[in-house]
Amino acid sequence: MPNEQYKNRALTISTWCYRLLLHAYPSSFRHDFGERMIGVFRDSCRTALQQHNIQALIAFWLHTSFDILISSCLEQWSVVKEKIYAMTTSTNERQSQLHLRVARATTLFAFIASLAASLHLYLLEDASPLTQTAYAASPILRFSYDATYITTLAAAVAVCSIVGYALLQRTTQVAISISIISLLIAFGGFGGLLIRHPMNFLMLFSLFVALVIISFLLGQVVAKHAAQRIEKRRALMLGACVSVGSILLINIAALILHTILLNPVSHALYMQGQIAGTHWNSLLIAMVAAFLAMIICGGGLKYALRFPALQS
Amino acid sequence: MKNNTNDPEALLPLPPATFHILLALIGEERHGYGIMQETNSRSEGKINLGPGTLYRTLKRLLTDGLIEESAERPVAELDDERRHYYRLTPFGLQVARVEAQRLAALVRIAQAQQLLPRSGIVTPGGGA
């Protein structure tokens with residue numbers, strides 16, 4: 000009987016010590032499994048004491064101490080790893096958000112600048128009785144004007160796709176919406192030509208559709224690449240920003256070409272009185288503004304496409 | 000983190016202690032101490048899990064969806080309400096099966112290299 004009391008006391012003290020040593024484990028692990036571990040320890044300790052003798056307790060404690068040392072270190076390490084992972088993921092999340100914001104802001108800024116410059120050009124030339132004469136004299140002038148107009152409309156469609164990816168979940172839904180918007184913009188923008196000049200309409204429409212499709216595909220390629228590093232929806236929006244940027248690049252090239260051809264110095268007779276006869280006329284200012292906005296957009300997209308490295 | 004891939008191959012190779020725990024749970028629900036005893040007995044004392052290692056492994060198996068806690072209790076006189084019972088999930092069984100196949104393939108290679116006799120029955124002394 001005294002031996003039994005001795006064993007019981009040894010069991011109680013061992014369990015108390017084990018409970019104390021459990022503090023080597025992370026608190027979450029201790030909270031979830033602490034009591035269960037104490038239960039298993041108590042059972043094992045009781046078996047060791049009953050089947051063998053008190054000397055067996057020393058061997059049992061050696062084994063248990065080694066187990067605590069190894070498993071607590073490993074568990075603490077996994078908690079540290081989880082924290083590092085969570086921290087890295089959250090940093091990457093913030094970075095990718097910032098990259099996308101920069102891309103959207105610079106793209107929108109460049110679009111607004113190009114739209115303003117193109118509208119200004121349209122309002123000046125469309126209202127001028129001399130426009131047709133000038134176009135008849137210079138096919139390049141006509142081409143650059145049409146290119147500016149068509150690319151502005153196509154850029155507007157691409158901007159809608161950024162909004163589409165922000166609002167809709169699926170690429171298919173966005174593609175359908177963009178197709179409908181493209182038709183509305185095309186017919187709203189130059190639908191009148193269908194009756195007056197059907198051939199011109201067909202040519203412009205083909206150019207417009209080609210621009211929209213090519214820019215959309217380019218955006219998809221960029222999005223596919225970006226999706227390996229950032230969340231899919233953000234990658235799609237980034238791809239749409241690149242679509243807008245690519246169209247605006249053509250737009251600004253056409254605008255520059257047109258403005259140079261219209262330069263009052265080389266076309267002194269054209270639009271006399273409507274465009275100021277100096278280098279500082281409104282068309283030049285609008286072109287330079289759109290060009291600078293395009294450079295900012297390019298810089299923004301370049302920054303946005305430098306993705307933060309993700310923790311694997 | 001729950002295992003989202005549902006690909007058993009992604010979890011291989013299993014550490015020996017983990018595989019022994021899965022084997023101990025095939026066809027029977029067990030509590031922590033029961034698992035410890037079973038693995039010890041199956042491995043002829045070679046796998047002697049301490050409570051820390053046992054519950055670290057059980058935590059990972061629960062997270063990966065290989066085992067789950069069982070709500071069923073044994074008959075009242077055999078039950079200890081402090082005990083938690085674990086059982087294998089279908090995915091856990093699948094993982095154990097794939098790991099067994101992997102080990103069997105290794106044995107076949109060892110047999111081909113004449114490290115093991117063709118019968119594959121190995122005695123503790125190393126003979127057939």
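These protein sequences, in sequence, are chains A and B.
Using numbering that gives the first Met the number 0, you'd call the opening residue of the first sequence number 0 and step up by one each time.
Using numbering that gives the first Met the number 0, you'd call the opening residue of the second sequence number 0 and step up by one each time.
For each residue, glycine too, the CB sits at the ideal point set by N, CA and C.
Open item on the list: Measuring straight from C-alpha to C-alpha, what distance separates V241/A and R195/A?
Closed with: Just so you know, the alpha carbons of V241/A and R195/A end up roughly 35 angstroms apart.
Task: Interface residues of the segment 52-63 of chain B facing chain A [CB-CB below 8 angstroms] - done: Result list: T52, L53, Y54, R55, L57, K58.
Open item on the list: Quick check on DSSP: helix, strand or coil for R82/B?
Closed with: In the structure shown, R82/B adopts coil according to DSSP, grouped into three states.
- [ ] Indicate whether at least one CB of chain B lies closer than 8 angstroms to the CB of L19/A.
- [x] No, because no Cβ of chain B sits closer than 8 angstroms to the Cβ of L19/A.
Task: Rounded Cβ spacing between A292/A and A109/A (contact assumed at less than 8 angstroms) - done: That belief holds up - the Cβ atoms of A292/A and A109/A are roughly 4 angstroms apart, short of 8 angstroms.
Task: Where the alpha helix (DSSP H) containing E67/B begins and where it ends - done: Taken as a continuous stretch (DSSP letters only), E67/B belongs to no alpha helix (DSSP H), being part of the beta strand (DSSP E) at 66-69.
- [ ] Could you name each continuous beta strand (DSSP E) segment of 3 residues or more that falls completely within the segment 17-69 of chain B, going from the start of the chain to the end?
- [x] List check, beta strand (DSSP E) in window: 66-69.
Task: Contact check, G299/A vs A104/A, beta carbons under 8 angstroms - done: Against a cut-off of 8 angstroms, the Cβ pair of A104/A and G299/A comes out as a contact.
Task: Under 7 angstroms by beta carbon: chain A residues contacting H128/B - done: A question about residue 128/B goes unanswered here, because the residues of chain B that appear run from 0 up to 127.
- [ ] Select from L19/A, A234/A, F65/A the residue whose C-alpha is nearest the C-alpha of R305/A.
- [x] When only C-alpha atoms are compared, the closest one is A234/A.
Open item on the list: So with CB distances below 9 angstroms, who are the chain A contacts of R82/B?
Closed with: R35, G38, listed in chain order.
Open item on the list: Whole angstroms are fine: how far does the CA of V243/A sit from the CA of L167/A?
Closed with: Taking the straight line joining both Cα atoms gives about 18 angstroms.
Task: Those residues which DSSP pairs with L87/B across a bridge - done: Beta-bridge annotation (DSSP): L87/B is paired with I66/B.
- [ ] Tell me whether Y24/A sits in a helix, a strand or coil according to DSSP, three-state version.
- [x] Y24/A falls in the coil class under three-state DSSP.
Open item on the list: With a threshold of 8 angstroms between beta-carbons, can Y32/B be considered close to chain E, or not?
Closed with: Of the protein chains in this structure, namely A and B, none is chain E.
Open item on the list: So N47/B contacts chain A; which residues on that side make the cut at Cβ distance below 8 angstroms?
Closed with: By Cβ distance, chain A contributes H62.
Open item on the list: Once DSSP output is grouped into helix, strand and coil, what is the label at A288/A?
Closed with: Three-state DSSP puts A288/A in a helix.
Task: Cutoff 8 angstroms: S89/A Cβ touching any chain B Cβ - done: No Cβ of chain B is located within less than 8 angstroms of the beta carbon of S89/A.
Task: Closest Cα partner of I66/B within the set L48/B, L87/B, R55/B, K58/B - done: When only C-alpha atoms are compared, the closest one is L87/B.
- [ ] Indicate whether H257/A and S143/A have their beta-carbon atoms separated by less than 8 angstroms.
- [x] Going by C-beta atoms, H257/A is nearer than 8 angstroms to S143/A.
Task: Contact list for the segment 58-87 of chain A against chain B, Cβ threshold 8 angstroms - done: Here the close residues are H62, T63, F65, D66, I67, I69, S70, S71, L73, E74.
Task: I295/A versus L283/A, L248/A, A116/A, I259/A, residue with shortest Cα-Cα distance - done: Residue L248/A is the option with its Cα nearest to I295/A.
Task: Proximal residues to V211/A (C-beta, below 6 angstroms), its chain only, five neighbours per side dropped - done: Answer for V211/A: A153, V156, S181, listed in chain order.
- [ ] Determine, using beta carbons only, whether R81/B and G38/A come nearer to each other than 8 angstroms.
- [x] Yes, they are a contact pair.
Task: Inter-residue Cα distance where the pair is E230/A and D6/B - done: Cα to Cα, E230/A sits roughly 23 angstroms from D6/B.
Open item on the list: Count Cβ pairs between the segment 11-24 of chain B and the segment 44-60 of chain B that sit closer than 8 angstroms; are there 3 or more?
Closed with: The count of Cβ pairs closer than 8 angstroms, one atom from the segment 11-24 of chain B and one from the segment 44-60 of chain B, reaches three, so the stretches are in contact.
TODO: For chain A, find out if any of its Cβ atoms is closer than 8 angstroms to the Cβ of P50/B; answer yes or no.
DONE: Answer yes: the Cβ-Cβ gap between P50/B and chain A drops below 8 angstroms somewhere.
Open item on the list: Determine whether the beta carbon atoms of R41/A and L10/A lie at a separation below 8 angstroms.
Closed with: Taking a C-beta distance under 8 angstroms as the contact criterion, R41/A and L10/A qualify as a contact pair.
- [ ] State buried or exposed for V220/A, treating a residue as buried only when at least 16 other CB atoms are found within 10 Å of its CB.
- [x] Exposed, because fewer than 16 other Cβ atoms sit within 10 Å of the Cβ of V220/A.
Open item on the list: Rounded to whole angstroms, what is the Cα-Cα separation between M35/B and R41/B?
Closed with: Here the C-alpha atom of M35/B lies approximately 10 angstroms from the C-alpha atom of R41/B.
Open item on the list: Going by DSSP, what residue range makes up the alpha helix (DSSP H) through E124/A?
Closed with: That run of the alpha helix (DSSP H) goes 53-125.
- [ ] Identify which residue in L282/A, G297/A, Y302/A, S26/A has its Cα closest to the Cα of A115/A.
- [x] Comparing C-alpha distances from A115/A to each of L282/A, G297/A, Y302/A, S26/A shows the shortest one belongs to L282/A.
Task: Range of the contiguous alpha helix (DSSP H) that encloses D145/A - done: For D145/A, the enclosing alpha helix (DSSP H) covers residues 138-166.
Task: Neighbour flag for F32/A against chain B, beta carbons, 8 angstroms - done: F32/A counts as touching chain B.
Task: Residue interval of the alpha helix (DSSP H) (run including G218/A) - done: Start and end: 197-225.
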